[in-house]
Amino acid sequence: MPAGTPLVADVNQAWSEAECIRHLPALRDLGVSLIEQPIAAGQTAASARIAARSEVPVMMDESVSTLAEAARESAAATGSVLSLKLCKHGSAHTLKRVAGIAAAQGVQLYGGCLLESSIGAAGHLQAFATLPRLEWGTEQFGPKILVEDLVTEGLRYADFQVHLPQGPGLGITPNPEVIDKYARKE
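Letter by letter, the sequence shown follows residues 939 to 1124 of this note's numbering.
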């Protein structure tokens, strides 16, 4: 891994508040630069205590899907970073509104993914490109781990960056033969 590469630990809601207090210093000592959703969504007060105590930034993910959750969790300072995802927020419009609510509270933004094909990744990239800032970048690596992508020409990755597709629509062209190959036949 190149020097300076950020290391993110996604605890994925697996720890209790006590486990966070016990394990967060070890993650700091390992050089982890961001800790994602260490405890279960809905534990606002506990999440705020953890975020206040952690020397490593804590990222909200599963705890923020709706506009109301964005307002509540950001105001309570349950994390200093928010992971944005089209599927989680339901639309590009709602994603932008959630991002605006969080940013107004001083929360930094991160472009999350759910391991989509180039179709989903291109949708994310187009939505993220409309935001004034995305301090923690994005991780659209889903297409890189697929056996076969669903587009005629994949996204362009170079120098540890993914490039915004420039064609019409999402900037990609779906491959109907590959989509048909993987479609459920009932």
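Yeah, the Cβ is synthetic: ideal placement off N, Cα and C, and Gly gets one too.
- Where residue 1049 is concerned, the enclosing beta strand (DSSP E) starts and stops at 1046-1049.
- Annotated three-state conformation of residue 974 is strand, per DSSP.
- Taking a contact as a CB-CB distance under 8 Å, the pair residue 974 and residue 1002 does not count as one, their CB atoms being some 12 Å apart.
- Nearest neighbour of residue 1032 by Cα position, chosen from 947, 1004, 1076, turns out to be 1004.
- A distance below 7 Å between beta-carbons, with the five flanking residues on each side excluded, links residue 979 to the following residues of its chain, in chain order: 951, 1000, 1001.
- Taking all protein chains shown into account, residue 1085 has fewer than 16 neighbouring C-beta atoms within 10 Å of its C-beta and is therefore exposed.
- Beta-bridge partners of residue 1022 (DSSP): 1049.
- Between the C-alpha atoms of residue 1087 and residue 991 there is a straight-line separation of about 42 Å.
- Judged by DSSP secondary structure, residue 1040 falls within the alpha helix (DSSP H) whose first and last residues are 1030-1042.
- Across the set 1118, 1057, 1072, 1082, the C-alpha of 1057 shows the shortest separation from the C-alpha of residue 1106.
- Under a 10 Å Cβ-count criterion, residue 993 is classified as exposed, with fewer than 16 other Cβ atoms of the shown protein chains found around its own Cβ.
- Closest by C-alpha distance to residue 981, out of 1111, 965, 955, is 955.
- DSSP, reduced to helix, strand and coil, places residue 1104 outside both helices and strands of the structure shown, so it counts as coil.
- With contacts defined as CB atoms closer than 8 Å, residue 1022 and residue 1045 fail to qualify as a contacting pair.
- For residue 946, the enclosing beta strand (DSSP E) begins and ends at 946-948.
- DSSP places residue 1076 within a strand segment (E or B) once states are collapsed to three.
- In chain order, 1088, 1089, 1090 place their CB closer than 7 Å to the CB of residue 1113, counting only its own chain and leaving out the 5 sequence neighbours on each side.
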